[in-house]
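The opening residue of the sequence shown carries number -11 in the working numbering; numbering runs sequentially from there. All C-beta atoms, glycine included, are put in the ideal place defined by N, C-alpha and C. Here's the structure we're looking at; comments come further down.
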Amino acid sequence: MLDPDVQAELITSAVDGDERAWSLLVDSFSGLVWSLLRSHGMYGAEAADIYQTVWLRCVEHLARLRDPSMLAAWLATTTRRECYRITRKRERVGSNADLPEFADPAWKDPAESVVAGEQLAAFRSGIEQLGTSCQELLRLLCIDPPVSYEDVAAALEIPKGSIGPTRQRCLERLRRIIDEGESR
């Protein structure tokens, strides 16, 4: 997470046309935007388009941002709105979302692939059964490079101190869901 004073300076410089400041802002908040895209099931070209749209909106509105410390929250809200817009459009058109583009090249042994595939399917199924808030929180906490608790709190509009306990409850719920699925 950027120091609030540094972030404010970068925003001011970016508004004034400083490409280096703009690049630093994008680098600092890209993980947040991508994690929100993934949490809304956006992949491939669709996710890339939304990502670019979010940053375009940021360029258009950055000068009007009253509180520089709210940039993460603004980006999170804008990303969510773009995802909802695309989801609604997709539902009207009736097309399917792009699937993830990359297979894991480390899986070479077919038996391992089957087991890993079953585990991944159980995990994905468990994640889908969690509520949206748990899905978003867990995805934000699992991205690389890591997103700070401050950015997670801003993105999800929750108190920073509630992140750890909420994560624990979400993981326990996920564990129960997966265990129940295996016992069937």
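Check                                                                                                                                                          : Outcome
Measure from the alpha carbon of Glu157 to the alpha carbon of each residue in Ala51, Cys122, Glu7, Leu128, then state which is nearest.                       : It should be pointed out that residue 157 corresponds to Arg in this sequence rather than to Glu. With distances taken between Cα atoms, Arg157 lies closest to Cys122.
When the Cα atoms are used, what is the spatial distance from Asp(-9) to Tyr137?                                                                               : 13 Å
For Arg68, which residues of its own chain have a beta-carbon under 8 Å away from its beta-carbon, when the five flanking residues on both sides are left out? : Leu24, His28
Closest to Lys77 by C-alpha separation, out of Ile38, Asp132, Pro133, Ala2, would be which residue?                                                            : Ile38
How about the segment 132 to 149 and the segment 57 to 66: do they share at least three Cβ pairs that are nearer than 8 Å?                                     : yes
Quick one: what does DSSP say Asp(-7) is sitting in, helix, strand or coil?                                                                                    : helix
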